[in-house]
Every structure is written in structure tokens, then in C-alpha cells.
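Engineer: Adding 64 to a residue's 1-based position in the sequence shown gives its number in my numbering. We treat Cβ as the ideally placed atom computed from N, Cα and C, and that holds for glycine. Below is a structure I'd like to ask you about.
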Amino acid sequence: ETAKLIEENPNTRIFNLVSEKISESLQSKWAENVSVIGVPEKEGYLEWESVLEVLSKEGIQSVLVEGGSKVLTSVIETGTADRFMLFIAPKLIGKSQGVPLFDFQNTLTLDSIPELSNVTTEYLEGDVLIEGTFLRPKQ
65 ETAKLIEENP
75 NTRIFNLVSE
85 KISESLQSKW
95 AENVSVIGVP
105 EKEGYLEWES
115 VLEVLSKEGI
125 QSVLVEGGSK
135 VLTSVIETGT
145 ADRFMLFIAP
155 KLIGKSQGVP
165 LFDFQNTLTL
175 DSIPELSNVT
185 TEYLEGDVLI
195 EGTFLRPKQ
């Protein structure tokens, strides 16, 4: 079955970045406007530096990353993200049903916790958006 994004946008170029180990096997499974591009992995995740390099060569200057705690953590830990946007649905979930927002695995110290500046909040159709810019450590 074709994804709604692809079906509704047949003239829009779509990039599907995957592990270079499987990229060839996936190319023929997608529509013509979808480019399957293989990039190297590091510790089971796509190498962000390679992802951004590939997209830059295609003229892409801005990327929205959506994912679970491991994907989001890898983006933050590698310093790949410039901005942070967190949408919160005001629902209370117990521990057995909840998923952690990040998965830092004790890799951060109090001194190295990512900080945000220019933080804003906005109420959007029942959800809350928290947005900010990552502060970069002084070199």
C-alpha cells in the first residue's frame, strides 16, 4: 500500500534515508518520486553527519526529525539539532503505558545537559508546543 504522503504528492520529491546495508533492496519498492538513499550507521542508527551531507547535496537546508526517544536522543547527543520543538498532548499516562521522551543512558552530566534559549510556549488545538534554540557549548 502506498503511503498517503506519496499518494497525495506525486510531483514532490521525497527522500527516504535508510541504512546503506538495505538501500538497494528497497529502491524498487517505492514510487518514482521517492529516492531511497543509503547512509552509514553508527551504533544501530543512521549517522547524522552523513544524513545532513546527503540532503545538503540535494539542496535541502532544513530537516524535521520525528521519532522516538532513541532517535531524538541521538540527534541531541550528536549536536545535530539547532532547534527543539516539543508537542505535548495533555494526557496523563501511567508508567506501564508511557515511553520515556529521551534515552540518554547516563551519557550526560549535569554540566553537559542540553540547554535551550529563546524558549516559547504556545497552545495549539489542545496540545502545547514548547520551542527553543539549543545553546552550543563555548569552544
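#1: With three or more C-beta pairs closer than 8 Å as the rule, is the region 124-132 touching the region 179-194?
#2: Would a C-beta distance cut-off of 8 Å place N75 and S99 closer than the cut-off?
#3: Quick one: residues in its chain with C-beta nearer than 7 Å to the C-beta of Q203, no 5 flanking neighbours on either side, listed in chain order?
#4: Does the count of Cβ pairs from the region 149-156 and the region 111-124 closer than 8 Å reach three?
#5: Applying the 10 Å Cβ sphere with the 16-neighbour rule, what's the burial state of V103?
#6: Buried or exposed, going by whether 16 or more other CB atoms sit within 10 Å of the CB of S138?
#7: Quick one: give me the first and last residue of the beta strand (DSSP E) that S133 is part of.
#8: Inspect the beta-carbon positions of E105 and E113 and report whether they are closer than 8 Å.
#9: Residues bridged to L188 by DSSP?
#10: Under DSSP, the alpha helix (DSSP H) around I70 begins and ends at which residues?
#11: Going by the CB atoms, is the gap between P164 and I140 shorter than 8 Å?
Structural biologist: Let's see:
#1: No, the region 179-194 does not touch the region 124-132.
#2: With a cutoff of 8 Å on beta-carbon distance, N75 and S99 are scored as not near each other.
#3: With a pLDDT of only 45 at Q203, under 50, the local geometry of the prediction cannot be trusted, and the value read off the model is given with reservation. So no residue of the chain qualifies.
#4: Taking 8 Å as the limit for Cβ pairs, the verdict is that the region 111-124 does not touch the region 149-156.
#5: Buried.
#6: Label assigned to S138: buried.
#7: First-last for S133: 133-141, but that is the alpha helix (DSSP H), not the beta strand (DSSP E).
#8: No. Outside cutoff.
#9: D191, per the DSSP bridge assignment.
#10: Per DSSP, I70 belongs to the alpha helix (DSSP H) from 68-72.
#11: Result no, Cβ atoms of I140 and P164 do not sit closer than 8 Å.
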